[in-house]
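Below is one structure, written out as structure tokens; comments come after it.
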Amino acid sequence: MQQFRVGLIGCGHMAQHLAQQAASLDAVTIAAVCDPVAERAKEAAGLYGAQSFADYEEMLKLDGLNAVMVVTPHAWH
Numbered sequence: 007m008q009q010f011r012v013g014l015i016g017c018g019h020m021a022q023h024l025a026q027q028a029a030s031l032d033a034v035t036i037a038a039v040c041d042p043v044a045e046r047a048k049e050a051a052g053l054y055g056a057q058s059f060a061d062y063e064e065m066l067k068l069d070g071l072n073a074v075m076v077v078t079p080h081a082w083h
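Read in order, the letters of the sequence shown correspond to residues 7 to 83 in this note's numbering.
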């Protein structure tokens, strides 16, 4: 089965909940996470074996992402 590689923008409480649900699926891998608070991104990356980013534009340059979940406060969408 091919892995569906997902990037996560935002690493707050709701993002962690959605990432856990997505990662529980056999075909989904959380491949990258991004948060402007670099330490929060690194902590989330450690949970999923993902790459961490503080800038979403840099994360989007990553080859092989199939989807991105934007889980930030509504005003930041």
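The beta-carbon is built from N, C-alpha and C at its ideal position, and this holds for glycine as well.
Which residues DSSP lists as bridging residue i, in chain order
| i | result |
| --- | --- |
| Leu-31 | Paired residue(s): none; Leu-31 is not in a bridge. |
| Gln-57 | Ala-38 |
| Gly-52 | Answer is none; Gly-52 lacks a bridge partner. |
| Val-77 | Per DSSP, none; premise fails for Val-77. |
| Gly-13 | Ala-38, Val-74 |
Buried or exposed (CB count within 10 angstroms, at least 16 for buried), residue i
| i | result |
| --- | --- |
| Val-43 | exposed |
| Gly-52 | exposed |
| Leu-31 | exposed |
Residue i and residue j closer than 8 Å at C-beta
| i | j | result |
| --- | --- | --- |
| Ala-47 | Phe-59 | yes |
| Val-76 | Gly-18 | no |
Own chain partners of residue i with C-beta closer than 8 Å, once the 5 adjacent residues on each side are dropped
| i | result |
| --- | --- |
| Ala-33 | Met-7, Gln-8, Gln-9, Phe-10 |
Cutoff 6 Å; reference residue i; Cβ partners in own chain excluding five residues on either side
| i | result |
| --- | --- |
| Ala-50 | Cys-17, Val-39 |
| Ala-25 | Leu-14, Ile-36 |
Other residues of its chain near residue i: CB distance less than 7 Å, five sequence neighbours each side excluded
| i | result |
| --- | --- |
| Met-20 | Val-77 |
Residue i versus residue j - alpha carbon distance
| i | j | result |
| --- | --- | --- |
| His-80 | Leu-66 | 20 Å |
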